[in-house]
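S.K.: Okay, handing you the structure first.
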Amino acid sequence: MRAFIAFDFPEQLKNQLYQIQNLLKNISYGGSWVSKDNFHITLKFLGEIEEGYVEGIGRVLKTISLSNVPINIKVNNIGYFNRKNNEYGIVWLGLEGDMDRLNAIYDFIEDNMNQMGFPKERRKFSPHITLVRRMRTNMDFNKVRNIIVPYLGNQYKLDNIALMKSEVIMNKRVYTPIVSSKLIDHNNNRR
């Protein structure tokens, strides 16, 4: 199965991302839009894996959940990768907040997946949320940014880390959690 490890989002954040996506749809004339159910932050792309890896990956996720509290993030900017004429290869939202802790979790996953035989990522970890691929618009991106900025800045907790299966069903990309683990704020659970 094709798989990756990611932070899955709370419904409130998915709703905000969907609202931002709709603003982009109104100022564009095409693109491949990420489904509302598929919003996430990728921590490690694994590629094709065998079922035998699932249990070990699940143990790594459980270790993370037992040693980390939820991560506070804010969606703070919008950007893009790979512009060609009026087409933006990937339009993404950037993050701020507990980035040191997010990076520590990323490093832990990288080290553990490497021990399981997966190669380490060569590129620097750049956490972002993909909204659309191949978005076409005649609007200057600074104007796009000005439209989106008022919708940024809300704070959210990331607390669900998952091994996700990626498959195409009826010509649509679908991400399904195979195993997941919740980060628990132990201070808020005491009475």
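Read the sequence shown against this note's numbering and you will find it ends at 1081, with the numbers running on by one and no gaps.
Glycine residues also receive a C-beta, built at the ideal position from the N, C-alpha and C atoms.
Values in this document were obtained by computation on a predicted structure and should not be read as measured data.
#1: Determine the extent of the beta strand (DSSP E) in which Y970 is found, giving its start and end residues.
#2: Run through DSSP, which three-state label would E940 get?
#3: Could you have a look at L1073 and say whether DSSP puts it in helix, strand or coil?
#4: Checking 8 Å against the spacing of the C-beta atoms, do N976 and R1026 come in under that value?
#5: Starting from R1026 and walking both ways along the beta strand (DSSP E), at which residues does that stretch end?
#6: So the candidates are E986, D1075, L1073, P1067; which of them puts its Cα closest to the Cα of R892?
#7: Roughly how many angstroms lie between the CA atoms of K1033 and I968, to the nearest whole one?
#8: Helix, strand or coil for N1050, going by three-state DSSP, please let me know.
#9: Using only CA atoms, which one of L913, L1048, R991, M1054 lies nearest to I1073?
#10: Can you name the residues that DSSP bridges to G984?
#11: Any contact of the segment 955 to 965 with the segment 1004 to 1014, i.e. 3+ C-beta pairs under 8 Å?
#12: Applying the 10 Å Cβ sphere with the 16-neighbour rule, what's the burial state of I963?
#13: Going by the beta-carbon positions, is the gap between V965 and I1019 smaller than 8 Å?
#14: Once you ignore the five residues that flank G921 on each side, which residues in its own chain have a CB closer than 7 Å to its CB?
#15: I need the DSSP call for L1042, collapsed to helix, strand or coil.
#16: Assuming L936 and F894 are in contact, meaning their beta carbons sit under 8 Å apart, how far apart are those beta carbons, in whole angstroms?
#17: Using DSSP bridges, identify the partner residues of D898.
M.R.: Walking through what the data contain:
#1: Looking up residue 970 in the sequence shown gives position 80. Element bounds for Y970: 961 to 974.
#2: Your numbering for residue 940 matches position 50 in the sequence shown. E940: coil per DSSP, three-state reduction.
#3: The residue given as residue 1073 occupies position 183 in the sequence shown. In the structure shown, L1073 sits in coil (DSSP, three-state: anything other than H, G, I, E or B).
#4: Taking the sequence shown and counting its residues from 1, the one referred to as residue 976 is at position 86. Taking the sequence shown and counting its residues from 1, the one referred to as residue 1026 is at position 136. Contact: yes.
#5: Working through the sequence shown from its first residue, we reach residue 1026 at position 136. Counting along the chain, the beta strand (DSSP E) containing R1026 begins and ends at 1018 to 1026.
#6: For the purposes of this step, residue 892 is taken as the residue at position 2 of the sequence shown. Of E986, D1075, L1073, P1067, the residue nearest in Cα terms is P1067.
#7: As a working note, residue 1033 is residue 143 in the sequence shown. As a working note, residue 968 is residue 78 in the sequence shown. So the two alpha carbons sit approximately 11 Å from each other.
#8: In the sequence shown, the residue the question calls residue 1050 occupies position 160. Note: N1050 maps to strand in three-state DSSP.
#9: Locating residue 1073 in the sequence shown gives position 183, where the first residue counts as 1. Here the sequence assigns Leu to residue 1073, which means Ile is not the residue at that position. Nearest of L913, L1048, R991, M1054 to L1073, Cα basis: L1048.
#10: As a working mapping, residue 984 is identified with position 94 in the sequence shown. Paired residue(s): N967, H1018.
#11: no
#12: In the sequence shown, counting from the first residue as 1, residue 963 sits at position 73. That one is buried.
#13: Reading the sequence shown from its first residue, position 75 is the one you call residue 965. Reading the sequence shown from its first residue, position 129 is the one you call residue 1019. Yes, the Cβ-Cβ distance between V965 and I1019 is below 8 Å.
#14: The residue given as residue 921 occupies position 31 in the sequence shown. Excluding residues within five positions, the ones whose Cβ falls inside 7 Å are V1022, R1023, R1024, M1025, R1026.
#15: On the sequence shown, residue 1042 is found 152 positions in, with the first residue counted as 1. Three-state DSSP puts L1042 in coil, outside helix and strand.
#16: If you number the sequence shown from 1, residue 936 lands on position 46. If you number the sequence shown from 1, residue 894 lands on position 4. Going by Cβ atoms, the distance from L936 to F894 rounds to 6 Å, so yes, they are a contact pair.
#17: The count along the sequence shown starts at 1 and reaches residue 898 at position 8. DSSP output for D898 lists H930, N1050 as bridge partner(s).
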